[in-house]
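Residue numbers (this note's numbering): 17 to 161.
Cβ coordinates follow ideal geometry from the N, Cα and C atoms, glycine included.
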């Protein structure tokens, strides 16, 4: 005949079992068995919501000509003369103001004295979409050199 454990022994057994499974925390700056932890990989900052919206607009309307990175090497770029502008060029990014870019997006190339091959997007895109697109275009800037 087996006996049922006594009720007063159950908390003691749980405590002993919990202590047996507990780990000793490593000291700060140490990993397992005193080893230094592996360095966490550097992560790029997460773009803002507006930049992500601008990217979606860019991918839909601009990427075909200006390319994935804005370098002016999109799928359709080689069918155009002149080729689309490199939007990631540091000099271009530095010399063009936000107002210049917004005007070119709204009025198109012909509207700002450039090639008529860039269509005007002012009647297609909302003001918010154009503002978000500008934020995304500014994020395309590559480092000089």
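Residue 76 sits in a helix when the DSSP states are folded into three classes.
At a Cβ-Cβ threshold of 7 Å, residue 92 and residue 78 do not count as neighbours. Distance from the CA atom of residue 106 to the CA atom of residue 128, rounded to whole angstroms, is 21 Å. Cβ atoms of residue 152 and residue 83 stay farther apart than 8 Å, at about 14 Å.
Rounded to whole angstroms, residue 102 and residue 156 show a C-alpha spacing of 10 Å.
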